[in-house]
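Q: Quick one: the structure is below, and I'll ask about it shortly.
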Amino acid sequence: PVISPRTATLAGSTFEDFDFDAALKLKPDVVVLDELAHANLPGGVHAKRWQDAEALVKRGIGVLGAVNVQHIESAAPAAERIIGFPVREIVPTSFLKNVDQLVAVDVSPDQLQARLREGKIVRSEDIDRALAGPFRLAALTSMRELMLRLVDQFTVPQVAPERVSTVVALLTDRVDATAYLKRVASIASVFDLAVDIACEPGMSRENCEAAVAKSGGTNTAWPATDGSAPRLDTLSGALIAIPGGELARTLLSRGIDRDILVASGKAPAPQTAAATAAAPSHADNPLRRAYGRLTIYLGSAAGSGKTYAMLDRAHQLKDAGVDVVVGYVETHGRAETARKLEGLEVIPRKVTHAGGIRYEEMDREAILGRKPTVVLVDELAHTNAPGSAAPKRFQDVFAFQAAGINVLTTLNIQHLEGLGDSVTRLTGVTVRETLPDWILDMADDLILIDVSPEILRERLRAGFIYPSNRVEASLSNFFRTENLAALRELALRETVRTRTAEQKPSPVSALVLGVGPRVRDVKLILRGAKLRARFDADYTVVHIQEKGRVTPPEVLADLEAAADAVQARWVYASAADAAKSLVAMARERDALLAVEGARATPRWPRGPTFARRVLEAGAREMLVLQPPTPAA
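Numbering (my numbering), first residue to last: 5 to 636.
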């Protein structure tokens with residue numbers, strides 16, 4: 005049902021407006037209100053439509069509202085500079101803080117311009133003026149970034165995800181607070197982590213508050229102590245940052261239960277491109293013009309609506325006369341997704357057999373032979389069946405682009421290789437199918453399909469995501485509210501990171517990983533590769549054989565093979581002191597040095613942990629990685 009509008013007369017003309025009193029009389033469960041920034045016409049109960057929404061909620065009526073980012077009080081000044089004219093109608097920031105769910109509706113600038121040219125946004129006589137003004141590409145790109153940052157700012161999980169979305173920086177008065185916290189923040193930004201700052205009890209309150217305010221972080225309590233040393237197990241950060249000195253020596257002498265960054269106030273010279281395993285680039289490449297465009301629909305979890313949005317766009321393109329085919333879409337038994345396939349040409353799947361198993365895969369050769377203008381490819385991170393032309397589906401997508409075919413595809417945030425550690429800490433699940441983080445940078449368009457945790461859980465309960473026999477287990481595991489909130493946060497921040505007009509240089513130009521004479525350090529090398537991907541840094545794996553010790557040849561072979569597999573530089577050397585040798589190599593490369601921490605505090609007379617040895621050998625900055633559990 006539609007609530008009949010009230011009318012008001014202005015300067016002899018009659019206009020329609022929302023009838024607040026009629027809505028109260030109807031007493032619906034939910035009212036849909038567009039343009040919340042709208043100033044109501046004379047005779048309205050409230051001056052602004054957002055006030056109507058606020059009043060309806062107070063009377064027990066739910067509201068679904070819409071507002072453009074330029075009308076939000078905190079964003080309006082920046083928006084005015086971007087679009088070039090004043091914003092008159094404002095929704096206060098306090099209103100946004102009190103909403104139950106805030107969801108970004110992300111659309112690429114190109115698609116917005118296309119809608120504008122089709123006459124779907126303004127009158128035909130105003131199109132050229134809009135394209136030269138607020139709808140110019142640079143303005144739309146900046147406004148999109150402003151919207152994503154605003155949603156990220158106000159999207160606070162109702163249940164804080166444990167050890168996932170923050171770095172806790174321990175601050176003492178024996179360090180240059182500004183330089184130290186700036187360095188911590190630069191590294192935290194690479195991993196999409198917020199910064200919490202814990203000031204040492206002996207530090208003056210004024211100095212602590214000033215340092216926290218200047219850094220833009222959040223103040224948190226100093227951890228409980230065990231004797232004189234802080235107990236890190238009482239902190240909730242994914243990463244603990246500490247300054248060098250006595251505090252670092254004390255903490256690195258013990259077993260650790262998560263990663264520790266010993267941060268310096270002085271950063272190595274930044275580098276924007278890695279010397280090893282760099283992402284392929286198409287910037288300023290004239291050959292790129294012959295390639296198809298890549299559009300990625302990015303979601304926080306299964307059921308967020310990525311495939312539906314992709315199919316919806318396909319129908320829009322088909323209606324506009326574009327040659328569109330479905331290369332591969334997985335409906336997962338969802339009726340609404342299956343209905344969206346109706347009316348679209350679907351390329352039949354290719355059936356293959358390997359190892360006694362039947363596989364149905366996307367038919368790469370058929371799509372290349374058909375050569376449509378646009379092809380839809382679901383589940384970009386998928387691993388192809390044995391014997392396929394390419395091991396991974398994203399490599400098939402590159403083949404389509406090389407043939408001049410535009411690709412629409414979907415991806416969940418947890419499949420990004422560099423986020424694997426965060427996702428595992430968050431969900432307890434190790435994601436097997438991953439792809440390189442630079443995939444997002446390669447996309448011509450990255451569309452965030454934003455959805456709140458509450459809506460995802462409702463969809464799950466309704467059977468729209470998994471079969472009924474999987475619902476309860478999913479609700480209590482991967483689909484816990486705190487998990488979904490943190491995954492959503494990661495998706496928002498990754499979208500902002502890759503769509504920001506001016507990319508920040510990496511805070512780490514090179515990474516040196518020290519490995520021991522252990523086969524299990526193969527996993528450490530793989531973990532280092534994920535770090536390298538996030539830092540976009542040169543990567544060197546080093547094994548130092550100390551005098552008097554012999555590393556088994558088969559172990560050396562495994563370590564070197566692992567380094568080669570991730571395109572890292574492999575260094576094997578002998579030295580009297582492995583710690584001093586590693587520090588020297590890191591200094592030579594101006595690199596962040598990474599080593600594995602201890603599982604437990606060593607007992608006398610075994611001597612100090614290797615991480616402490618490295619620190620005392622003069623490491624200016626180091627990343628001490630959480631060791632695996634004995635069962636790992």
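A virtual CB, placed ideally from N, CA and C, is assigned to each residue, including glycine.
Bear in mind that the values here come from a model prediction, so they are computed numbers and not experimental data.
#1: What number of angstroms, rounded off, separates the C-alpha of Ala-490 from the C-alpha of Leu-515?
#2: Work out the CA separation of Ala-215 and Asp-177 for me, nearest whole Å.
#3: So does Gly-241 have its beta carbon nearer than 7 Å to some heavy atom of the ligand ZN?
#4: Using CA coordinates, which residue listed in Thr-229, Arg-10, Ser-78 and Met-147 is at the minimum distance from Val-49?
#5: Mapping DSSP to helix, strand and coil, what is Ala-198?
#6: Check Asp-21 in the structure and name its three-state DSSP category.
#7: Is Gln-571 buried or exposed, if buried means 16 or more other CB atoms sit within 10 Å of its CB?
#8: Between Lys-310, Pro-612 and Phe-24, which has its C-alpha nearest Thr-299's C-alpha?
#9: For Ser-146, which of helix, strand or coil comes out of DSSP?
#10: Is DSSP giving Tyr-470 helix, strand or coil here?
#11: Nearest to Thr-182 by alpha carbon, out of Asn-211, Ala-41 and Tyr-332?
#12: Give me the Cα-Cα distance between Glu-550 and Leu-586, rounded to the nearest whole angstrom.
#13: Given that a residue counts as buried once 16 or more other Cβ atoms are within 10 Å of its Cβ, and exposed if not, what is Arg-650?
#14: Please report the distance separating the alpha-carbon of Glu-166 from that of Thr-224.
#15: What's the C-alpha gap between Ala-577 and Val-523?
#16: I need the straight-line Cα distance from Lys-29 to Asp-104, nearest angstrom please.
#17: Taking the C-alpha atoms as reference points, what is the distance between Ala-57 and Leu-452?
#18: With burial defined as no fewer than 16 other Cβ atoms inside 10 Å of the residue's Cβ, what is the status of Phe-24: buried or exposed?
#19: Indicate the three-state DSSP secondary structure (helix, strand or coil) for Asp-132 in the structure shown.
#20: Quick one: what's got a C-beta closer than 6 Å to Trp-574's C-beta in the same chain, skipping five residues either side?
#21: Please report the straight-line C-alpha distance between Leu-380 and Phe-402, rounded to a whole angstrom.
#22: What residue ranges within the stretch 416-493 form continuous beta strand (DSSP E) runs of no fewer than 3 residues, ordered along the chain?
#23: How close, in whole Å, do the beta carbons of Cys-203 and Leu-175 come, if the pair is a contact with beta carbons under 8 Å?
#24: Quick one: what's got a C-beta closer than 6 Å to Trp-54's C-beta in the same chain, skipping five residues either side?
#25: If distances are taken between C-alpha atoms only, which option among Val-618, Thr-502 and Pro-521 comes closest to Thr-145?
#26: Which residues in the same chain as Ala-582 place their Cβ atom closer than 7 Å to its Cβ, once the five residues preceding and following it in sequence are excluded?
#27: Less than 8 Å between the beta carbons of Ala-82 and Leu-141, yes or no?
#28: Take Thr-434 as the anchor and find which of His-419, Lys-186, Lys-52 and Val-73 has the nearest alpha-carbon.
#29: Short check: CB of Val-329 to CB of Glu-349, under 8 Å?
#30: How would you label Ala-385, buried or exposed, when you count the other beta carbons within 10 angstroms and need 16 or more for buried?
#31: Could you check what DSSP says for His-319 in three-state terms: helix, strand or coil?
#32: Taking the alpha-carbon positions, what's the Leu-185 to Ala-370 distance?
#33: The alpha helix (DSSP H) that contains Met-366, what's its start and end?
#34: Taking only runs of the beta strand (DSSP E) that begin and end inside the stretch 380-414, which ones reach a length of at least 3 residues, in chain order?
#35: Please say whether Pro-395 and Gly-359 have beta carbons closer to each other than 8 Å?
#36: Helix, strand or coil for Ala-214, going by three-state DSSP, please let me know.
A: The relevant details are as follows:
#1: To locate residue 490, count along the sequence shown from 1; it is residue 486. To locate residue 515, count along the sequence shown from 1; it is residue 511. Answer to the nearest angstrom: the Cα atoms are 27 Å apart.
#2: Start at 1 with the first residue of the sequence shown, and residue 177 comes out as number 173. Start at 1 with the first residue of the sequence shown, and residue 215 comes out as number 211. Rounded to the nearest angstrom, the two C-alpha atoms are 10 Å apart.
#3: The ligand ZN is not among the ligands present in this structure, which contains no ligands whatsoever.
#4: As a working note, residue 49 is residue 45 in the sequence shown. Val-49 has its Cα closest to that of Arg-10, out of Thr-229, Arg-10, Ser-78 and Met-147.
#5: Along the sequence shown, one-based indexing puts residue 198 at 194. Correct three-state label for Ala-198: strand.
#6: If you number the sequence shown from 1, residue 21 lands on position 17. It is a strand residue.
#7: Translated into positions along the sequence shown, residue 571 becomes position 567. Classification for Gln-571: exposed.
#8: Start at 1 with the first residue of the sequence shown, and residue 299 comes out as number 295. When each option's Cα is compared against that of Thr-299, the closest is Lys-310.
#9: Here residue 146 refers to the residue found at position 142 of the sequence shown. Ser-146 falls in the helix class under three-state DSSP.
#10: In the sequence shown, residue 470 corresponds to position 466, counting from 1. It is coil, neither helix nor strand.
#11: In the sequence shown, counting from the first residue as 1, residue 182 sits at position 178. The option with the nearest alpha carbon to Thr-182 is Asn-211.
#12: Within the sequence shown, residue 550 is the residue found at index 546, counting from 1. Within the sequence shown, residue 586 is the residue found at index 582, counting from 1. Near 11 Å, if we compare the C-alpha coordinates of Leu-586 and Glu-550.
#13: Past the boundaries of the shown model lies residue 650; the chain is included only from 5 to 636, so the question cannot be answered.
#14: The residue you call residue 166 lines up with position 162 of the sequence shown. The residue you call residue 224 lines up with position 220 of the sequence shown. No answer about Glu-166 holds up, because its pLDDT of 46 lies below 50 and its placement is not dependable.
#15: Walking along the sequence shown from the start, residue 577 turns up at place 573. Walking along the sequence shown from the start, residue 523 turns up at place 519. Roughly 18 Å between the two C-alpha positions.
#16: Start at 1 with the first residue of the sequence shown, and residue 29 comes out as number 25. Start at 1 with the first residue of the sequence shown, and residue 104 comes out as number 100. Whole-angstrom Cα-Cα distance: 24 Å.
#17: Translated into positions along the sequence shown, residue 57 becomes position 53. Translated into positions along the sequence shown, residue 452 becomes position 448. Whole-angstrom Cα-Cα distance: 26 Å.
#18: As a working note, residue 24 is residue 20 in the sequence shown. Buried, since its Cβ has 16 or more Cβ neighbours within 10 Å.
#19: Looking up residue 132 in the sequence shown gives position 128. Helix.
#20: Translated into positions along the sequence shown, residue 574 becomes position 570. So the list reads Val-545, Glu-564 and Ala-567, once near-sequence residues are dropped.
#21: Translated into the one-based positions of the sequence shown, residue 380 becomes position 376. Translated into the one-based positions of the sequence shown, residue 402 becomes position 398. Approximately 13 Å, taken between the alpha carbons.
#22: 449-452
#23: Against the sequence shown, residue 203 aligns to sequence position 199. Against the sequence shown, residue 175 aligns to sequence position 171. Contact between Cys-203 and Leu-175 is confirmed by a C-beta separation of about 5 Å, below the 8 Å threshold.
#24: Working through the sequence shown from its first residue, we reach residue 54 at position 50. Hits under 6 Å: Leu-40, Val-95 and Phe-99.
#25: As a working note, residue 145 is residue 141 in the sequence shown. Per the Cα distances, Thr-502.
#26: Here residue 582 is taken as the residue at index 578 of the sequence shown, counted from 1. The beta carbon of Ala-582 lies closer than 7 Å to those of Ile-548 and Glu-550 in the same chain, with the five residues before and after it left out.
#27: Residue mapping note: residue 82 aligns to position 78 of the sequence shown, counting from 1. Residue mapping note: residue 141 aligns to position 137 of the sequence shown, counting from 1. Contact: no.
#28: Taking the first residue of the sequence shown as position 1, residue 434 is located at position 430. Checked all of His-419, Lys-186, Lys-52 and Val-73; the closest Cα to Thr-434 is His-419.
#29: The sequence position of residue 329 within the sequence shown is 325, counting from 1. The sequence position of residue 349 within the sequence shown is 345, counting from 1. In this structure, Glu-349 lies closer than 8 Å to Val-329 by Cβ.
#30: Your numbering for residue 385 matches position 381 in the sequence shown. By the 10 Å Cβ count, Ala-385 comes out buried.
#31: Here residue 319 corresponds to residue number 315 of the sequence shown, with the count starting at 1. In the structure shown, His-319 sits in a helix (DSSP, three-state: H, G or I).
#32: Within the sequence shown, numbered from 1, the residue matching residue 185 stands at position 181. Within the sequence shown, numbered from 1, the residue matching residue 370 stands at position 366. Their Cα atoms are separated by approximately 54 Å.
#33: Position 362 of the sequence shown, counted from the first residue, corresponds to residue 366. No alpha helix (DSSP H) holds Met-366; DSSP gives it neither H nor E.
#34: Complete beta strand (DSSP E) runs here, min 3: none at all.
#35: In the sequence shown, the residue the question calls residue 359 occupies position 355. In the sequence shown, the residue the question calls residue 395 occupies position 391. Judged by their CB atoms, Gly-359 and Pro-395 are not nearer to each other than the 8 Å cut-off.
#36: Within the sequence shown, the letter at position 210 stands for residue 214. Helix.
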